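Trainee: No gaps in the numbering here: position 68 of the sequence shown is 75 in the working numbering, and each next residue is one more.
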Amino acid sequence: MATVRLRTDQDITACLDILKAVYETSRYPVGGVGDHALYFAKDDDAWVVETDGTVAGHIALSKARAENVAVALWRQQHPEDNQVAVLGRLFVHPNRRKCGSASSLIHTAVEEARRRGQRLLMFALIKDQDAIRLYRKLGWQHYGTTVFKWGQENEMAAECFTSPVL
Numbered sequence: 008m009a010t011v012r013l014r015t016d017q018d019i020t021a022c023l024d025i026l027k028a029v030y031e032t033s034r035y036p037v038g039g040v041g042d043h044a045l046y047f048a049k050d051d052d053a054w055v056v057e058t059d060g061t062v063a064g065h066i067a068l069s070k071a072r073a074e075n076v077a078v079a080l081w082r083q084q085h086p087e088d089n090q091v092a093v094l095g096r097l098f099v100h101p102n103r104r105k106c107g108s109a110s111s112l113i114h115t116a117v118e119e120a121r122r123r124g125q126r127l128l129m130f131a132l133i134k135d136q137d138a139i140r141l142y143r144k145l146g147w148q149h150y151g152t153t154v155f156k157w158g159q160e161n162e163m164a165a166e167c168f169t170s171p172v173l
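The structure is reproduced here in structure tokens:
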């Protein structure tokens with residue numbers, strides 16, 4: 008059975024190991040893995056999912072920052088709406104997919120956002136069709152497509168979604 012709990016500093020090593028396995032199978036995150044200790048430092052709140060006592064996945068909530076492409080597009084469309092946060096850093100070990108872990112993590116983050124009176128925004132790169140299907144299945148609403156850029160010359164279309172209405 009899967010259990011979602013707040014991430015602790017002791018979980019970072021396991022999360023990095025999972026992220027490396029995810030990158031090998033799906034090239035997520037597109038910028039590569041490298042030393043991602045800083046990758047987790049920007050999270051305001053984060054959770055892990057455990058199965059059989061082992062960390063199997065991760066999700067985070069972060070402040071809505073203008074450099075996030077989902078936030079930038081949302082603010083173009085809804086300039087007065089400041090009650091948003093960003094869902095991100097969702098990944099589940101490839102051997103633990105299709106077991107409900109990602110859905111459990113997303114549900115936990117959505118409930119926390121509701122408690123705060125916030126909507127969640129997120130984007131998925133067009134290459135990540137499994138993620139896009141999952142968000143649609145969970146009732147997330149597509150509000151546009153934009154371009155995500157990384158590195159010096161890399162870019163890809165990004166589908167932007169907002170969490171189900173509060």
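Virtual Cβ for every residue (Gly too), placed ideally from N, Cα, C.
No experiment lies behind these values; they were computed from the predicted model shown.
What number of angstroms, rounded off, separates the C-alpha of ASN75 from the C-alpha of ASP59?
Mentor: 34 Å
Trainee: Express the C-alpha separation of PRO86 and ASN102 in angstroms, rounding to a whole number.
Mentor: 41 Å
Trainee: Using only CA atoms, which one of ARG123, PRO171, ARG34, ASN161 lies nearest to LEU145?
Mentor: PRO171
Trainee: Three-state secondary structure (DSSP) at ASN89?
Mentor: coil
Trainee: Whose C-beta lies closer than 8 Å to the C-beta of LEU127 among residues of the same chain, with five residues either side of it excluded?
Mentor: LEU68, VAL91, ALA92, VAL93, LEU94, ALA116, VAL117, ALA120, THR169, SER170
Trainee: Answer yes or no: does any C-beta atom of chain D fall closer than 8 Å to that of GLN159?
Mentor: No chain D appears in the structure shown, which is made up of a single protein chain.
Trainee: For the beta strand (DSSP E) holding ALA71, just list the boundary residues, first then last.
Mentor: No beta strand (DSSP E) holds ALA71; DSSP gives it neither H nor E.
Trainee: On the three-state DSSP scale, how would you describe THR32?
Mentor: helix
Trainee: Quick one: measure Cβ to Cβ for VAL99 and ALA48, integer angstroms, because I've assumed they're closer than 8 Å.
Mentor: With a Cβ gap of about 21 Å, VAL99 and ALA48 do not count as contacting.
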